[in-house]
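Step one of this worksheet: look at the structure below.
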Ligand code: CA
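Residue numbers (the working numbering): 67 to 298.
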C-alpha cells in the first residue's frame, strides 16, 4: 500500500469526525475533514484524496448526491457511513458506485481495516491496468480489470464476493489462504467470527465452476487450514 494515503472524511458530527480522524492518523493516513457536502466537493478538487469516507446524513445535501458528483469526476473508492438500515438498502440497491459502507456505530479499528481493504483493492486494479490484468490458473482466467471470470472458455457469472475470493486466490496460485485471511482481504472484517460466510461463497463458486466442468477440483480445500487454487 502506498505510504500516507490521503483520506477525505465527510462527516458533520464533530465528535464522530474527531474519533475517525484520530484512528486514521494513528494508522498513518493523512486526513482532510469536511463537515458538509459543499465543503467536501471543494476539498475534493483541492486535495485529490485517495479515498473518501462519506456520511449520508449531511446538513446541505445528502451523501448520495455528493457521491454522484464525485463519481462524475473520479472513480476513487468511496466508503459510506450510515446509521440507518434504510439508507444502507439504498446504497446497496442503487449501486451508486459506492465501494463499501459501514454502519454506525462502528469501531475505529473496523473502519481503518475497511479503508485499507478498499485502498488495496484499488491498487490491485491499478497494478492490473499496468499490465497484469489477466491471470490464469489451469482452465480458469480472471481479468481483474474487466472483472470477467472465464472457466474452460465460458464466462462465469460471479457475485462481488465470489470475484473477491478468486481475485485473492489467483494472486498466488497454490498458496493456501485461511478463512480468516480471505475474510480480511475480501470482507475486511478481521474480527468476524463468521467463517462460514467464506465457506458459503466458496460453495456457490464451486457449483458454478462444476456446472461447466463437473469434475473440476480447481478450488482446493485444505481441511482445517483454508483454500487454494490448483490446476490439477
Ligand atoms: Ca450526519
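Even glycine gets a Cβ: it sits at the ideal position worked out from N, Cα and C.
Near ligand 3: residue i beta-carbon under 8 Å from a heavy atom
| i | result |
| --- | --- |
| residue 123 | No copy of ligand 3 occurs in the structure displayed; its ligands are ligand 1 alone. |
Beta-carbon proximity check, residue i vs residue j, cutoff 9 Å
| i | j | result |
| --- | --- | --- |
| residue 284 | residue 204 | yes |
| residue 124 | residue 73 | no |
| residue 131 | residue 101 | no |
| residue 275 | residue 235 | no |
| residue 306 | residue 249 | There is simply no residue 306 to check, as the chain begins at 67 and stops at 298 in what is shown. |
| residue 208 | residue 202 | yes |
| residue 128 | residue 79 | no |
| residue 185 | residue 119 | no |
Where residue i falls: helix, strand or coil (DSSP)
| i | result |
| --- | --- |
| residue 146 | strand |
| residue 288 | strand |
| residue 201 | strand |
| residue 214 | strand |
| residue 277 | coil |
| residue 185 | helix |
| residue 77 | coil |
Of the listed residues the options, nearest to residue i (C-alpha basis)
| i | options | result |
| --- | --- | --- |
| residue 293 | 274, 281, 264 and 182 | 264 |
| residue 179 | 89, 79, 76 and 275 | 89 |
| residue 188 | 129, 213 and 174 | 213 |
| residue 113 | 120, 99 and 121 | 99 |
| residue 138 | 110, 199, 122 and 87 | 110 |
| residue 171 | 200, 129 and 81 | 81 |
| residue 181 | 94, 84 and 270 | 94 |
| residue 223 | 270, 199, 262 and 253 | 270 |
| residue 251 | 120, 176, 278 and 215 | 176 |
| residue 136 | 153, 115 and 152 | 115 |
| residue 228 | 199, 266, 246 and 174 | 266 |
Residue i classed as buried or exposed, judged by whether at least 16 other C-beta atoms fall within 10 angstroms
| i | result |
| --- | --- |
| residue 126 | exposed |
| residue 288 | exposed |
| residue 238 | exposed |
| residue 183 | buried |
| residue 67 | Here residue 67 scores only 46 on pLDDT, less than 50, and its place in the model is too uncertain to base an answer on. |
| residue 281 | exposed |
Neighbour flag for residue i against chain C, beta carbons, 9 Å
| i | result |
| --- | --- |
| residue 229 | Here chain C cannot be found, since the structure has a single protein chain. |
query = Do the segment 137-146 and the segment 165-181 touch if we need at least three Cβ pairs shorter than 8 Å?
reply = The segment 137-146 is in contact with the segment 165-181.
query = How about the segment 239-248 and the segment 210-227: do they share at least three Cβ pairs that are nearer than 8 Å?
reply = Judged by Cβ distances under 8 Å, the segment 239-248 makes no contact with the segment 210-227, as fewer than three pairs qualify.
request  = Tell me, please, whether the segment 96-106 touches the segment 145-154 by the rule of three or more beta-carbon pairs shorter than 8 Å.
outcome  = Segments in contact, no.
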